[in-house]
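Engineer: With this note's numbering, you'll find the sequence shown wraps up at 176, consecutive numbering, no jumps. Even for Gly, the Cβ is constructed at its ideal location relative to N, Cα and C.
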Amino acid sequence: PEHPFYQRWANDPFPIVALDRALDREHFTSVVGADQDDAEMLAEELRKFPAETVLYLGALPELSVSFLREQGFRTAWKDDPREVHFLYANSYEREAAAQLFEKWLETHPMPQALFTTSFALLQGVMDVTLRRDGKLPSDLAIATFGDNELLDFLQCPVLAVAQRHRDVA
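1) Taking DSSP as the reference, what is the three-state secondary structure of residue 79?
2) According to DSSP, is residue 164 part of a helix, a strand, or is it coil?
3) Beta strand (DSSP E) containing residue 62: first to last residue?
4) Pick out whichever of 53, 89, 54, 41 has its Cα sitting closest to the Cα of residue 72.
5) Determine whether the beta carbon atoms of residue 61 and residue 105 lie at a separation below 8 Å.
6) Run through DSSP, which three-state label would residue 136 get?
7) Give me the Cα-Cα distance between residue 169 and residue 152, rounded to the nearest whole angstrom.
8) Could you spell out where the beta strand (DSSP E) holding residue 108 opens and where it closes?
9) Counting along the chain, where does the beta strand (DSSP E) carrying residue 120 start and finish?
10) If you check the beta carbons only, do residue 76 and residue 43 fall under 8 Å apart?
11) Here's the rule: buried if 16 or more other CB atoms are within 10 angstroms of the residue's CB, otherwise exposed. What is residue 98?
12) Taking contact to mean 3 or more Cβ pairs, one atom from each stretch, closer than 8 Å, check whether the segment 76-96 and the segment 45-62 are in contact.
13) Return the Cβ separation of residue 107 and residue 94 in integer angstroms, given the expectation that the two are a contact with Cβ distance under 8 Å.
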């Protein structure tokens with residue numbers, strides 16, 4: 008799937024190179040990472056935690072990177088009997104994730120396992136949780152994309168996949 012945002016440049020004579028986005032080969036050159044494989048690996052590791060409630064938080068499912076990460080997650084989780092709640096923000100911005108997560112918490116308990124498809128989405132979840140509870144639950148297991156040094160300071164288990172900048176380059 009391809010987001011309409013990119014279509015305005017589809018026939019532009021200026022060459023467009025999409026980094027970490029698989030776009031239509033007829034109009035764009037794309038350099039992509041291993042989003043599906045990385046998501047599957049992250050989800051397999053997250054499954055090892057004894058969480059009862061699981062939240063998958065992504066954004067813009069029509070983007071290729073979002074689609075591939077979700078497919079990897081679903082592949083890893085397909086035989087797991089635990090229910091997964093799927094949420095999709097309308098952007099990959101921290102604020103969008105915070106608004107969506109806060110609304111979701113109105114009708115759901117804090118999940119025990121959280122899979123986010125970007126660090127910015129995780130930041131939105133952390134903003135809401137810290138504002139509401141003053142801390143992250145120590146038994147919350149987190150899996151995310153984007154290996155930020157700040158994750159090392161969290162008191163809960165964190166699994167993270169760093170962007171493979173060298174491979175993309």
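Structural biologist: This is what the structure gives:
1) Within the sequence shown, the letter at position 72 stands for residue 79. Helix, per DSSP.
2) As a working note, residue 164 is residue 157 in the sequence shown. Coil at residue 164, not helix or strand.
3) As a working note, residue 62 is residue 55 in the sequence shown. Counting along the chain, the beta strand (DSSP E) containing residue 62 begins and ends at 61-66.
4) The residue given as residue 72 occupies position 65 in the sequence shown. It is 41.
5) Within the sequence shown, residue 61 is the residue found at index 54, counting from 1. Within the sequence shown, residue 105 is the residue found at index 98, counting from 1. Not closer than 8 Å, so no.
6) For the purposes of this step, residue 136 is taken as residue 129 along the sequence shown, with counting starting at 1. Three-state DSSP puts residue 136 in a helix.
7) Residue numbering aside, residue 169 sits at position 162 when the sequence shown is read from its first letter. Residue numbering aside, residue 152 sits at position 145 when the sequence shown is read from its first letter. Cα to Cα, the separation comes out at about 6 Å.
8) As a working mapping, residue 108 is identified with position 101 in the sequence shown. Taken as a continuous stretch (DSSP letters only), residue 108 belongs to no beta strand (DSSP E), being part of the alpha helix (DSSP H) at 101-112.
9) As a position in the sequence shown, residue 120 is number 113, starting the count at 1. Where residue 120 is concerned, the enclosing beta strand (DSSP E) stretches over 120-123.
10) Your numbering for residue 76 matches position 69 in the sequence shown. Your numbering for residue 43 matches position 36 in the sequence shown. In contact: residue 76 and residue 43 (Cβ atoms closer than 8 Å).
11) Numbered from 1 along the sequence shown, position 91 holds the residue referred to as residue 98. Answer is exposed; the Cβ neighbour count stays below 16.
12) yes
13) The residue given as residue 107 occupies position 100 in the sequence shown. The residue given as residue 94 occupies position 87 in the sequence shown. With a Cβ gap of about 6 Å, residue 107 and residue 94 count as contacting.
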